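A short write-up of the structure that comes next.
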Amino acid sequence: MNTIQVRNPRTGENDYSFEATKADEISSIVSELRQNQASWAAKSIDERADVLDQWAKMVAESGELLDALIADTGRYFICTGEVAQMTKMVPGWRAIGNRVFSEQEPLQSSVPTVTYTHQYKAFEVVGIIGPWNFPFLITLIDLIPALMAGSTVIVKPSEITPRFIKPIQDIIQKIPELHKVCRFVQGGGQTGQDLIDNVDALCFTGSVKTGKLVYESGARNFIPVYAELGGKDPVIVTENADPIESARIILRASVQATGQACQSIERVYVHQSIADQLIESLAEQASKVTLNYPDVRKGHIGPLIFDKQADIISDHIEDAKEKGATILTGGEIEDHGGGKWVKPTVIKGVDHSMKVMTEETFGPIIPVMAFEEIEDAINLANDTVYGLSAAVLAGNHEEASNIAKQIDAGAITLQDCGATTYVFDGEKNWFKYSGIGASRMGEMGMLRFFRKKVLYAQHGETHDINAMGER
Ligand code: NAD
């Protein structure tokens with residue numbers, strides 16, 4: 032028996048436990064999924080989308096699922112968004128699916144007598160391993176396009192936030208067609224490894240450290256791994272930007288979800304001519320942010336979901352203080368009701384000798400550094416092992432775009448921050464350790480679940496062995 036105890040982020044108490052799914056159960060679930068895949072793939076995109084639509088509606092109406100997500104994460108408003116989001120995601124993937132699967136005319140090859148067509152053959156079983164920061168939503172980013180492509184799916188969410196697994200499984204069970212092709216299992220790292228040993232392709236979202244282990248396991252099993260990992264997103268604010276408006280945008284992008292988001296702004300580089308105004312406004316606005324305590328439905332930000340993250344945040348703040356930085360707001364891990372909380376922490380006087388400017392903090396911490404020349408800001412933005420996303424706030428789009436083109440990150444937002452939280456259309460890859468594999472956004476987000484085959488049709492004369500050299 033492998034019993035895992037689970038901490039409640041609002042009370043600090045271990046009030047939930049579960050048994051990790053055993054390796055032989057995973058093998059038998061996967062062989063069941065494998066048997067069911069062909070009939071799922073034989074359905075039309077619209078038939079598969081109808082099943083997912085039905086699921087999304089039940090998800091949106093499930094109070095039990097919402098309650099479990101709230102208990103898992105200690106927050107309310109984001110959880111309501113997580114369950115509502117699914118109904119919005121399915122129509123988009125239905126449209127992409129219908130585009131991908133549209134009838135194709137044979138294409139003329141470079142050899143006059145040969146035409147060709149492509150066939151998309153979905154991977155039979157896709158594995159998904161998820162993180163704790165958006166336990167359900169991040170799973171859906173991979174799950175919906177994989178199912179829509181005709182793959183079957185087995186999901187292992189994080190052992191830090193497992194309470195929602197039972198209600199989601201209960202809903203899946205009520206839709207027999209879905210239960211044949213989509214299953215959730217539970218457990219920690221070992222369960223993740225057992226899953227990787229059984230599937231044909233893997234989607235992983237999590238830390239760089241685990242991502243590297245997962246990538247190695249994928250290589251041993253010779254399967255594609257699509258890994259979305261950590262970030263240390265910078266924003267560059269030029270001398271032509273409005274400092275007060277910039278502060279407003281940055282506060283939201285750094286602090287929403289208590290900074291527990293991969294695409295949170297974690298570093299601010301501001302031109303020295305507007306640095307004082309921006310920092311003053313940021314500190315003033317940050318000091319008005321309230322905690323979802325004691326009422327989970329009131330206030331702006333929830334507790335830290337994972338207690339070990341509190342240690343990392345605290346370490347980064349202490350390290351910055353020791354090296355001469357000034358904390359303007361927040362700066363402490365606070366205990367309320369047994370949970371760990373941290374208020375938005377604006378820090379000035381930082382540099383790249385400090386962990387808070389180079390390592391992923393994953394909290395509502397906003398270190399601000401002034402620059403003189405734009406080239407210096409670009410070099411600082413690129414001085415990182417990450418390359419997930421970034422943002423530029425400038426006088427206009429053209430100025431922002433010129434700077435964005437020089438930043439090594441997959442998604443760069445101009446004149447706002449964190450567009451990948453609300454737009455999923457553009458394909459993107461990662462730089463450095465922030466990820467590897469095909470884009471999870473745009474059409475590629477579905478195409479990555481297929482092997483693309485080509486069928487060459489010879490319409491002319493065929494040749495015998497003597498003609499080999501003449502082709
Ligand atoms: P984590 O790497 O600790 O865990 C992620 C998942 O991997 C969990 O389900 C865990 O059980 C599993 N796991 C752990 N060890 C494993 C192993 N050896 N083999 C297989 N699976 C294993 O990450 P986390 O702390 O849950 O999540 C936070 C991290 O995720 C942050 O770094 C954050 O930036 C990143 N993240 C990235 C994105 C993105 O889209 N790029 C989105 C959300 C979170």
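In terms of my numbering, the sequence shown opens at residue 32 and continues consecutively. C-beta atoms are modelled at their ideal positions from N, C-alpha and C, and glycine is treated no differently. Remember, it's a predicted structure, so these values are computed and weren't measured experimentally.
{"Query": "Inter-residue spacing [alpha-carbon to alpha-carbon] between Ser295 and Phe337", "Result": "17 Å"}
{"Query": "Assigned exposure category for Lys371 - 16 Cβ within 10 Å defines buried", "Result": "buried"}
{"Query": "The alpha helix (DSSP H) enclosing Cys234, as first and last residue numbers", "Result": "Not the alpha helix (DSSP H): Cys234 falls in the beta strand (DSSP E), residues 232-236."}
{"Query": "Beta strand (DSSP E) segment containing Leu424, residue limits", "Result": "420-424"}
{"Query": "Near the ligand NAD: Phe393 beta-carbon under 7 Å from a heavy atom", "Result": "yes"}
{"Query": "Nonlocal neighbours in the same chain, by C-beta distance under 7 Å from Arg471, ignoring five residues either side", "Result": "Ile172, Asp173, Tyr257, Glu259"}
{"Query": "8 Å Cβ cutoff met for Trp86 and Ile202", "Result": "yes"}
{"Query": "Gln36 beta carbon near the ligand NAD (any heavy atom closer than 7 Å)", "Result": "no"}
{"Query": "Rounded C-alpha distance that separates Asp326 from Asn45", "Result": "21 Å"}
{"Query": "Distance CB(Phe215)-CB(Ala99) smaller than 8 Å", "Result": "no"}
{"Query": "Local Cβ density within 10 Å of Ala412, reported as buried at 16 or more and exposed below that", "Result": "buried"}
{"Query": "Where the beta strand (DSSP E) through Glu390 begins and ends", "Result": "Counting along the chain, Glu390 falls outside any beta strand (DSSP E), and DSSP gives it neither H nor E."}
{"Query": "Nearest to Ala401 (by Cα), restricted to the options Pro274, Ser420, Lys386, Ile496", "Result": "Pro274"}
{"Query": "Validate contact between the stretch 151-162 and the stretch 184-193 using beta carbons, cut 8 Å, 3 pairs", "Result": "yes"}
{"Query": "Segment contact, 8 Å Cβ cut-off, at least three pairs: the stretch 443-455 with the stretch 232-247", "Result": "no"}
{"Query": "Member of Gly491, Pro334, Leu478, Ala498 whose CA lies at the smallest distance from the CA of Lys152", "Result": "Leu478"}
{"Query": "Where the beta strand (DSSP E) containing Asp46 begins and where it ends", "Result": "45-50"}
{"Query": "Close Cβ partners of His494 (< 6 Å) along its chain, the five nearest in sequence each way excluded", "Result": "none"}
{"Query": "Tyr324 in three-state terms, based on DSSP", "Result": "coil"}
{"Query": "Glu63 versus Tyr47: straight-line alpha-carbon distance, rounded", "Result": "29 Å"}
{"Query": "Check: Pro162 C-beta below 7 Å from any heavy atom of the ligand NAD", "Result": "yes"}
{"Query": "In chain order, each alpha helix (DSSP H) run of at least 4 residues that lies wholly inside the stretch 89-169", "Result": "94-104, 108-131"}
{"Query": "Limits of the unbroken alpha helix (DSSP H) element including Arg194", "Result": "Where Arg194 is concerned, there is no enclosing alpha helix (DSSP H), given that its DSSP letter is neither H nor E."}
{"Query": "Residue of Ile348, Asn410, His428, Thr118 minimising C-alpha distance to Lys374", "Result": "Ile348"}
{"Query": "Close Cβ partners of Gly449 (< 6 Å) along its chain, the five nearest in sequence each way excluded", "Result": "Ala284, Gln294"}
{"Query": "Tyr453 (DSSP reduced to helix, strand or coil)", "Result": "coil"}
{"Query": "Euclidean distance between Cα positions of His302 and Ser277", "Result": "12 Å"}
{"Query": "Under 8 Å between C-beta atoms of Ala408 and Ile280", "Result": "no"}
{"Query": "Buried or exposed (CB count within 10 angstroms, at least 16 for buried), Arg79", "Result": "buried"}
{"Query": "For Ile185, the first and last residue of its enclosing beta strand (DSSP E)", "Result": "183-187"}
{"Query": "Helix, strand or coil at Ile57 [DSSP, three-state]", "Result": "helix"}
{"Query": "Near the ligand NAD: Pro176 beta-carbon under 7 Å from a heavy atom", "Result": "no"}
{"Query": "8 Å Cβ cutoff met for Asp103 and Val156", "Result": "no"}
{"Query": "Straight-line gap, Ser182 to Gly394 (C-alpha atoms, nearest Å)", "Result": "36 Å"}
{"Query": "Rounded separation between Thr444 and Val423 - CA only", "Result": "6 Å"}
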